[in-house]
Amino acid sequence: VEMSTASLEAIVDYAKQAEGPDEKGVYRVDTADKVSEMVSKFVLEKDFESYAKNIDNYPRRA
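To get the working numbering, take the position in the sequence shown, counting from 1, and add 961.
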């Protein structure tokens, strides 16, 4: 999955804010898991299934 640097930075920043630091002040956020979670949520909420079932979304190669 390709995404912009700004999107990745936002996920990391907001994940840290949501989790907060541990007792030693260290942020323990698995950013790969968070990216996966965010992409999965987006795909489910934005009806990717309909997009995937639309033949127009499969352009022919030249």
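Think of the CB as a built atom: it goes at the ideal place given N, C-alpha and C, for glycine as much as any other residue.
With distances taken between CA atoms, Asp994 lies nearest to Ala976 out of Ala976, Glu984, Pro982 and Leu1005. With contacts defined by Cβ atoms closer than 8 Å, Val1000 and Val973 do not form a contacting pair. Apart from sequence neighbours up to five positions away, the residues of its chain that approach Tyr1012 with a beta-carbon distance below 8 Å are Asn1018, ordered along the chain. Taking the Cα positions, Gly986 is about 34 Å away from Leu1005. For Ile1016, no alpha helix (DSSP H) run applies, since DSSP gives it neither H nor E.
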